[in-house]
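Engineer: Chains as they are written, first to last, in full-length UniProt numbering: chain A, 1 to 123; chain B, 1 to 123.
The structure that follows is given in the form of structure tokens.
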DNA sequence: ACGGGTACTTACCAAAAGGTGCATACTTGT
DNA sequence: ACAAGTATGCACCTTTTGGTAAGTACCCGT
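If you want it as structure tokens, here you go:
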């Protein structure tokens, strides 16, 4: 740290910019599920199968810091908080829809492509 | 390794499936640039700024193994190889277009969202 | 009064991801 | 003859990422 590296590195292109927001193992999934409407922390955790508390919270904080989601704390006694997309996040989710559909329409092909590769790896 | 864990874990949803293919720091970018037409290794490396040889090749191999790109080796003397999208890859790239556009249309907002966050982090 | 659910937080650790630098084998340009 | 470019491969090491397990403060149902 001899110098301040505050520069976040310029974007190569639009896609690169988008990736800076959605990169993170579970972020796209979180966004996808929030696209279906506001959700409480627990609901989200059940939806995004396999995510740990640590990751879920960390990603939620980052998405909030980036202005794509909005956190609402009801300050109730058994904690109650929910998360929803901001308009910015909403537009992002819309941009992700084709990728979701691509996955839906090619699930079989993807599954076998991944399986085929494993055989090669499993030397 | 007491048991074969050959099961690649079921997809949570279509998006999850898609992510299994495009996950990797540079993969979306590689695909994006290949969307503009076949490219030689060197060209790609110049396009995808910042990628190391190791990563570029590794990602290219995976994408090829997954059937999204096709490698052509001309067996020429100073090595000449090029990469292009397969029809499968082509459809994937089309599904990514909206995300590219989203990034293009929101570059400013994204840049400031990222910058704003850094200030918070820099405690 | 105890177990379970709520939404987190923190510390510690393992694994994956990625970068650097060197090597290859042959050619073209200077 | 020597440096540079071509498309990789490999060993080594650092960084980043992610998981586990524990704890917190408070409530409700039994």
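We put the CB at the ideal spot given by N, CA and C, even for glycine.
(1) Alpha carbon to alpha carbon, what distance is there between residue 77/A and residue 62/B?
(2) Determine the DSSP secondary structure at residue 49/B, reduced to helix, strand or coil.
(3) Answer yes if the stretch 54 to 71 of chain A comes into contact with the stretch 97 to 114 of chain A, meaning at least three C-beta pairs across the two stretches below 8 Å, and no otherwise.
(4) Taking all protein chains shown into account, do 16 or more other C-beta atoms lie within 10 angstroms of the C-beta of residue 27/B, making it buried, or fewer, making it exposed?
(5) May I have the straight-line CA-CA distance separating residue 83/B from residue 99/B, to the nearest angstrom?
(6) For residue 16/B, count the other beta carbons within 10 Å of its own beta carbon; 16 or more makes it buried, fewer makes it exposed. Which is it?
(7) Have a look at the DSSP bridge pairing and note the partners of residue 131/B.
(8) In or out: residue 21/A buried (at least 16 other Cβ within 10 Å) or exposed?
(9) Distance cutoff 9 Å, beta carbons only. Does residue 55/B sit that close to anything in chain A?
(10) What are the residues in the stretch 93 to 112 of chain B lying within 8 Å of chain A by C-beta distance?
(11) Rounded to whole angstroms, what's the CA-CA distance from residue 18/B to residue 13/A? Just pull it up for me.
(12) Determine the burial state of residue 30/B: buried for a count of at least 16 other Cβ atoms within 10 Å of its Cβ, exposed for fewer.
(13) Identify the residues that DSSP records as bridge partners of residue 40/B: which are they?
(14) If the criterion is Cβ atoms closer than 9 Å, does the pair residue 56/B and residue 93/B meet it?
(15) If residue 70/B sits next to residue 86/B, beta carbons under 8 Å apart, how far is it from one beta carbon to the other, in whole angstroms?
(16) Please classify residue 66/B as buried or exposed, where buried requires at least 16 other C-beta atoms within 10 Å of its C-beta.
(17) Just curious, the alpha helix (DSSP H) that residue 9/A is in, first and last residue?
(18) Pick helix, strand or coil for residue 35/A, following the three-state DSSP scheme.
(19) What is the C-beta distance between residue 96/B and residue 32/B, in whole angstroms, given that I count them as a contact (C-beta under 8 Å)?
(20) By Cβ distance, which residues of its chain are closer than 7 Å to residue 111/A, with the 5 residues on each side in sequence left out?
(21) Suppose the cutoff is 8 Å on Cβ atoms and the five residues either side in sequence are ignored; what does the same chain contact list for residue 39/B look like?
(22) In or out: residue 42/B buried (at least 16 other Cβ within 10 Å) or exposed?
(23) Going straight from the alpha carbon of residue 51/B to that of residue 37/A, what length do you get?
(24) Can you pull the chain A residues whose beta carbon is under 7 Å from the beta carbon of residue 29/B, in chain order?
(25) So with CB distances below 7 Å, who are the chain B contacts of residue 21/A?
Structural biologist: Taking the structure as given:
(1) 49 Å
(2) coil
(3) no
(4) buried
(5) 23 Å
(6) buried
(7) Any question about residue 131/B goes unanswered here, given that chain B covers just 1 to 123.
(8) buried
(9) no
(10) 94, 95, 96, 97, 98, 99, 100, 101, 102, 103, 104, 105, 106, 107, 109, 110 and 111
(11) 21 Å
(12) buried
(13) 82/B
(14) no
(15) 5 Å
(16) buried
(17) No alpha helix (DSSP H) contains residue 9/A, which DSSP labels as neither H nor E.
(18) coil
(19) 7 Å
(20) none
(21) 33, 47, 82, 83 and 84
(22) exposed
(23) 37 Å
(24) 12, 15 and 16
(25) 110
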